[in-house]
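Chains as they are written, first to last, in the working numbering: chain H, 1 to 455; chain A, 1001 to 1455. Glycine is no exception: its CB is placed at the ideal position from the N, C-alpha and C atoms. Notes to accompany the following structure.
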Ligand SMILES: [Zn+2]
Ligand SMILES: [Zn+2]
């Protein structure tokens, strides 16, 4: 792998130089350039079938296929994305975000970790895999699917999948957009939480009213909003929506044992949580469990009435709450939405009108069964590549894994090697290059291992 | 009174034409012009001692004194104000706010009701009083004190009083800045609620954090703010601050009976309360009682986290609550402030930092003892002037009556004749001229009646 490392870094630098910010229409041309850069790199590496899907409405995605020598070998689809987050506030970057800069083992730049670095890792893995085999055909039929809208919530992913059913058909999806737990604690991610977001609007009068005139005699939407939010959790930190936990699948004993065995430093966790001052959460679960395998309800914003300097003694006419629920298998976002509407109706006092509006793009939760043979294979190749014990982890965020699973109809496993402190989505994003080299090593081994395990 | 009415309206028009918006530094010259207009009017009417207090820091106030013929007659200080509210949004006025326009019985213009109209009513009353007596000395020693900062919260009133102790010395303050209950239900106001305002700031981390990363594991200031607000009332609508009701003086049976006898139209009340949809409030009290004689806690604003379009799945770093408490005698704003600080400390979960900041200018509550002879005299002269039964009322808002009472050391009674639907502080402020004429009639009678009642 070391022999290929210099070329790998040079290639990744080139790709990072293309500012493929999908959320910014001014950069949509760059998203196209980024897709073509990747397609050219794949062709140069010898991939026999490379396509840029750029007929819209999705931003350009890249598809490639490299058939196995054995027609009965399993087909694996590697999913990643080549669009990147905006770079504001750009003045907080120590190096220009689109001029990749190497400092020791770190490579700084937007997309270095999320997700160009991990996609490049797979290109490297295939080269290493073929070099180790001494052939020009991989042990599994490899497909690569790299979309350009992940950072925008993958709004056209469903359509891309349905438009390209034949190309994307496979036996296993390898999702490559998650980190390991820590550099000294490599892990196999086995799931991501889903998300359902909503805005609750409580309306009283048609205008604010002076509290000297009416205060104490008419309902206050801000107070009602507060009571509604307060009622959303019980005193054990559990969400009180009807049947909220009915479909929750608890992690296996093996998973819980693994989580408990991971190193956990409270101070670091708090520092990485916006400088929070204390841990809290649902009773009976560890911090990692609260974030990985337990569903939550979080107030993302609440706004009502006067917020300027001094005092304005009004009863506000309206209050707005932004809420998001992180979901775990097998919770159904639609069921949560229904329960929320009922909850709001129950908690709206007489004289106020309540509306529940969907907010943001939801995503169902996903987790793979850890007894699936591909998960065991992943653990083996990670232990070989990282030369350490490897445990299970999950991530608390959300992504399109469930969508890929549902529409393609096969299990999704996670192969990611980046680190949680790579500052993805933030200034000074970086990747630790040896992590990607080890990840490539693991992937190269995985392609050899899978034929006996997955069919 | 009818003979004097034309001059009265002409004078009031002139005064309204001076835009004495005290809260706007660009209009501070107009506040001075307004004070001098009043001083000139008083001199023209024959007041022997007229002064403009304009040496700062208070905006110009007017003082005048007209000694009684009898050196043993009581001294009455009439309090009012000549500054007015801003006129925004000016496009909602049907007539120019500073060109008084008469339509039928109504005179439209900023300050027509609050408070130039009521001060002018007293000038008219003195003329009528002297005309009725056929002398040039009133039956009581009359003092007039018209400040220029009431709409800004009377920030220098304490200093004005203390700087002019001798001039302001009196046996009774007549406060002339409140309405009667309704045109068909004239009332004597007997008190105003006080107010204490605060801002509560709850801080978690130093920055917002992604809820996919930390959601469910660290305290959410928005949720904590909601729980704090929810805990502020019990399920009977009572405020839960420690000892909040300990010093509350309940209204007398006579007052409660009067309130119950007043006409009350729920639809009108709701329409005048910003279009509210239902009545609510503390159990066991009528709507008028809730607003006049019961203390309240009202959320004036709550702001935390994201409020833009769509969803931003963050745990906010901070939440801010603007709260105001309307207070009744003998509640002490300082005691409420202390109880609030303790309440916030008790309701701040581990990991959050809470601050309680004062917001706005507080005011203590005030009510006059309805058995005071001046109140009885007021009722008599109102019944004579308005030719209807007159009952007690109060107002739910706040003003400087308690300050005048405390610093001058005498009872304060209320003599106001305007109407609650005069749209004070709003576009299309108006006054119903016959109300002011009747109010002047009542005041003229009061000066004759008081010598036997108050000393
Ligand atoms: Zn990503
Ligand atoms: Zn006023």
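{"query": "Residue 1204(A) vs residue 1221(A) beta-carbon contact at 8 Å", "result": "yes"}
{"query": "CB contact below 8 Å: residue 418(H) versus chain C", "result": "The structure shown contains no chain C; the protein chains it does contain are H and A."}
{"query": "Extent of the continuous alpha helix (DSSP H) run through residue 510(H)", "result": "Residue 510(H) falls outside the range modelled here, since chain H spans only 1 to 455, and no answer is possible."}
{"query": "Where residue 1220(A) meets chain H, residues with beta-carbon distance less than 7 Å", "result": "298 and 299"}
{"query": "DSSP state of residue 1259(A) mapped onto helix, strand, coil", "result": "helix"}
{"query": "Interface residues of the segment 254 to 288 of chain H facing chain A [CB-CB below 8 Å]", "result": "269, 270, 272, 273, 274, 275, 276, 277, 278, 279, 280, 281, 282 and 287"}
{"query": "Beta-carbon proximity check, residue 1268(A) vs residue 1279(A), cutoff 8 Å", "result": "no"}
{"query": "Minimum Cβ-Cβ distance from residue 316(H) to chain A less than 8 Å", "result": "yes"}
{"query": "Distance CB(residue 109(H))-CB(residue 120(H)) smaller than 8 Å", "result": "no"}
{"query": "Straight-line Cα distance separating residue 382(H) from residue 113(H)", "result": "18 Å"}
{"query": "Sufficient close CB pairs (3 or more, under 8 Å) joining the segment 1006 to 1015 of chain A to the segment 433 to 453 of chain H", "result": "no"}
{"query": "Beta strand (DSSP E) segments (min. 3 residues) lying fully within the segment 1272 to 1310 of chain A", "result": "1296 to 1305"}
{"query": "Residues from the segment 199 to 219 of chain H in contact with chain A, defined by Cβ distance under 9 Å", "result": "199, 203, 204, 205, 206, 207, 208, 209, 210, 211, 212, 213, 214, 215, 216, 217, 218 and 219"}
{"query": "Residue 50(H) beta carbon less than 8 Å from that of residue 200(H)", "result": "no"}
{"query": "Among 426(H), 455(H) and 441(H), the one whose alpha carbon lies nearest that of residue 95(H)", "result": "426(H)"}
{"query": "Paired residues, beta bridge with residue 1392(A) - DSSP", "result": "1188(A)"}
{"query": "Where residue 199(H) falls: helix, strand or coil (DSSP)", "result": "strand"}
{"query": "Cβ-Cβ distance between residue 359(H) and residue 394(H) below 8 Å", "result": "no"}
{"query": "Residue 81(H): CB within 7 Å of a non-hydrogen atom of ligand 1", "result": "yes"}
{"query": "Spatial distance of residue 1124(A) from residue 1091(A) (CA atoms)", "result": "33 Å"}
{"query": "CB contact flag (residue 1080(A), residue 1177(A), <8 Å)", "result": "yes"}
{"query": "Residue 1058(A) to residue 1160(A) span [Cα, whole Å]", "result": "7 Å"}
{"query": "Beta-carbon gap between residue 261(H) and residue 391(H) smaller than 8 Å", "result": "yes"}
{"query": "Any 3 or more C-beta pairs closer than 8 Å across the segment 408 to 415 of chain H and the segment 171 to 187 of chain H", "result": "yes"}
{"query": "Cross-chain neighbours of residue 181(H) in chain A, by beta carbon under 7 Å", "result": "Chain A residues near residue 181(H): none, gap ~13 Å exceeds 7 Å."}
{"query": "Three CB pairs or more closer than 8 Å across the segment 1227 to 1240 of chain A and the segment 298 to 308 of chain H", "result": "no"}
{"query": "Extent of the continuous beta strand (DSSP E) to which residue 319(H) belongs", "result": "318 to 327"}
{"query": "Short CB-CB distance (under 8 Å) between residue 1223(A) and chain H", "result": "yes"}
{"query": "Cβ separation of residue 231(H) and residue 340(H), assumed to be a contact under 8 Å, to the nearest whole Å", "result": "Contact flag wrong, Cβ pair sits at about 12 Å."}
{"query": "Chain A within 8 Å of residue 155(H), Cβ atoms only", "result": "no"}
{"query": "Given residue 1164(A) as reference, the closest of 1353(A), 1265(A) and 1054(A) once Cα atoms are compared", "result": "1054(A)"}
{"query": "Rounded straight-line distance, which links the Cα of residue 1075(A) to that of residue 1423(A)", "result": "33 Å"}
{"query": "Which listed residue (314(H), 291(H), 155(H) and 224(H)) has its alpha carbon closest to that of residue 212(H)", "result": "314(H)"}
{"query": "Which listed residue (335(H), 385(H) and 24(H)) has its alpha carbon closest to that of residue 437(H)", "result": "385(H)"}
{"query": "Residues that residue 138(H) contacts on chain A, provided the C-beta gap is smaller than 9 Å", "result": "The premise fails here: residue 138(H) is roughly 33 Å from chain A at the closest Cβ pair, so nothing lies under 9 Å."}
{"query": "Cβ-based contacts, 8 Å cut-off: residues of the segment 320 to 342 of chain H near chain A", "result": "320, 322, 324 and 326"}
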